[in-house]
Structures are given as structure tokens and as C-alpha cells.
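Keeping their order, the protein sequence lines are chains A and B. Per my numbering, residue 422 is the first one in the first sequence, and the count goes up by one each step. Per my numbering, residue 422 is the first one in the second sequence, and the count goes up by one each step. The beta carbon of each residue, even a glycine, is placed where N, CA and C say it ideally should be. Fair warning: this is a prediction, and the values are worked out from it, not measured in the lab.
Protein chains: 2
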Amino acid sequence: MILLKHMLNHQTHLTSIFHALADPTRRAIVERLSLGPASIGELAEPMPMSLAAVVQHVQLLEQAQLITSQKHGRVRTCKIEVATLDMLENWLGQRRRQWEHMFDRLAEVLDDHEQKPKLPKRKKP
Amino acid sequence: MILLKHMLNHQTHLTSIFHALADPTRRAIVERLSLGPASIGELAEPMPMSLAAVVQHVQLLEQAQLITSQKHGRVRTCKIEVATLDMLENWLGQRRRQWEHMFDRLAEVLDDHEQKPKLPKRKKP
DNA sequence: TTAATGCTAAAGTATTTACTTGACTATCAT
DNA sequence: ATGATAGTCAAGTAAATACTTTAGCATTAA
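See below:
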């Protein structure tokens, strides 16, 4: 809603996701929420910082769409947004596939020249 | 080598990896290197910044062990370190598995109480 | 040997980050 | 209604970030 324009840009979204996860406190929040929903207070309780600081971390995670939250009464309940983790995994998967493709082509070249490959082969053509 | 103490701490390593990828320039470098090795100059050529800036990005990626590099003569050749991408994928996978487990338990509870589940079931016990 | 190339190292700067504290606003319990 | 609870907002600060420019140092080519 607030973030439509922001998230239209895939690169910008990736940046905000990685940035959000580049902090131990925020990763701890994500890890906690992957076990089930929790309130701000529950998230803050084990943390060595003020509740206001935790709120700011939660806002950042929400902007990155790694979590969502809803207020019931005076309690804000947060839960994880798995689709965004999936998107990250996809990005990593693409990188690995490209690397494997490059790796295979390298192995082929070494093969064609009938040299001893220094790297193990990965695919039979 | 320089980083033994640094990387002994898994959390610290995760932080440095996510932080390294939280920058479009550095992601572009990783994407380029997933297609095959390249020199600093080749990496810098399409970038809208000084070569010195690119060197600093490369150093950060190397500290995070996302890439490695070697100097041959005056040319430094960089290549991707897939094992570290794997590690990241593992972290994400763990989060998803925990979430799925929680999700399944939630579905079971809804089932046991014979209410209409608001969320689709995911596993048959 | 000289000059160009490819990179490195250091210092400086504007911006962003991760907090803090304190004042405030709803909501819930008594 | 009163007070305690759960969270929000704003302003301030020390440290970290993403660059820049300048100077330098090996390596290679002429």
C-alpha cells in the first residue's frame, strides 16, 4: 500500500530485503516469527535494547515485506511473509544455475582439448 | 586467512554476507561473476564510478567470502564462491521449513476443532 | 630504460544507520 | 473514571557507509 511505487522496482526491493536481513537483531526477529506470530512486546522481550528500537526494526522488516503486522486492540501482531523469502531463494538459485552453466562449459572446453581437467565434471552432454 | 577469527562466528558471517549483497553494485558484481571470472578492470568498466570504488566493493565481497581473487602479474582475477551462496540458501530454507512446520501444526489444530480452516492444509499426517 | 597499465592505499566527506530518551496516544482492567 | 499497559512519534547522536581524489607501486610493452 505505502510501498507500491517502491516495490515496483525489483532491484530496490532486493536491496531492502538484503539490507533488512543484514542485521542480527532483525534476523532474530525473522527467526522468531518463522516459529509463529508474535507481538512487538514478545519480540522485544529477549532483546538487549529499548522497545522503541525493536519497533523500528519491525518497521524496516515490514517495508522490505519480509513480515506483515496487524493491530488488534493495542497489540500489534507480526507474522512472517514467506513469499519474500522465496523471492530471495530464487535470486540465489539463478546465480547458482548461471555458475553451473559456466562451470559445465569450462569442463567441456577442458575435455575438448583433452587436458586433465582440474575441476570435476558435472554433466554428461 | 585474514578472516579466520571473523568467520568463526556464524552470525557475523551471515551479517557480512547479507550486508555485502545489500548493494546493487555488489550484486551486479556477483551476477557478472556468476557468468565467469573477471578482472577488476572488467568489473569496473560498466560501472558509473571510479575504479577505486569498485576495488572497495570487491574487497567487501571477498571479506564476506562471496568471491575469491588471485593476482597474476598486475591483474587481479575474481571469481564467485558458490559455497557461500549455498550457505545463504540453507539459512532461508531453514526459515521456510520452520514456517511450514508451524503452518502444519496450525492446520492440525483447526482440523481437530472441526472449524473451517481459513488457511489451506499442506500435509496429510 | 621509459612509459603506460592495472591496481592499491590513504585521507576526506556527505549520507545513512542503529540506537537513545522523552513525550504522547490509544486500549484494557479495576 | 483511573491507572497500567502496548505501542508510536520525534529529535538527537555516535558510528558506519559509499563514495571521491590524490599519490604511489609493481608489471608489462615499446
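Nearest-angstrom Cα separation, counted from residue j out to residue i
i: Q375/B; j: E529/B; result: Shown here, chain B extends from 422 to 546; a query on residue 375/B therefore has no answer.
i: L442/B; j: R495/B; result: 27 Å
i: Q491/B; j: P458/B; result: 11 Å
i: H478/A; j: D525/A; result: 42 Å
i: E502/B; j: T489/A; result: 33 Å
i: H440/B; j: L527/B; result: 34 Å
i: A449/B; j: L464/B; result: 9 Å
i: L504/A; j: A474/A; result: Inspection of the sequence shows that residue 504/A is occupied by Ala rather than by Leu. The alpha-carbon atoms of A504/A and A474/A are separated by roughly 26 Å.
i: E466/A; j: M508/B; result: 29 Å
i: V476/B; j: K500/A; result: 39 Å
i: H493/A; j: M523/B; result: 21 Å
i: P462/B; j: G462/A; result: It should be noted that the sequence gives Gly, not Pro, for residue 462/B. Whole-angstrom Cα-Cα distance: 50 Å.
i: W520/B; j: L435/B; result: 20 Å
i: N430/A; j: N430/B; result: 34 Å
Alpha helix (DSSP H) segment containing residue i, residue limits
i: R447/A; result: 445-454
i: E463/A; result: 461-465
Proximity below 8 Å, CB of residue i to CB of residue j
i: E510/A; j: L513/B; result: yes
i: R516/B; j: L506/A; result: yes
i: Q432/B; j: P445/A; result: yes
i: S460/B; j: R497/B; result: yes
i: L482/A; j: R447/A; result: yes
i: Q484/B; j: S437/B; result: yes
Residue i: CB within 7 Å of a non-hydrogen atom of the ligand MG
i: Q484/A; result: For the structure depicted, the ligand MG is absent and the ligand set is empty, with no information on it obtainable.
Residue range of the unbroken beta strand (DSSP E) whose run includes residue i
i: Q491/B; result: 488-493
Where residue i sits in the DSSP three-state scheme
i: A485/A; result: coil
i: M468/A; result: coil
i: N511/B; result: helix
i: R517/B; result: helix
i: P541/A; result: Reliability fails at P541/A, whose pLDDT of 45 lies under 50, so the model's placement of it is uncertain and the value that follows must be treated cautiously. Three-state DSSP puts P541/A in coil, outside helix and strand.
i: E529/B; result: helix
Beta-bridge partners of residue i, as assigned by DSSP
i: T505/B; result: According to DSSP, T505/B bridges with nothing at all.
i: T498/B; result: S460/B, Q491/B
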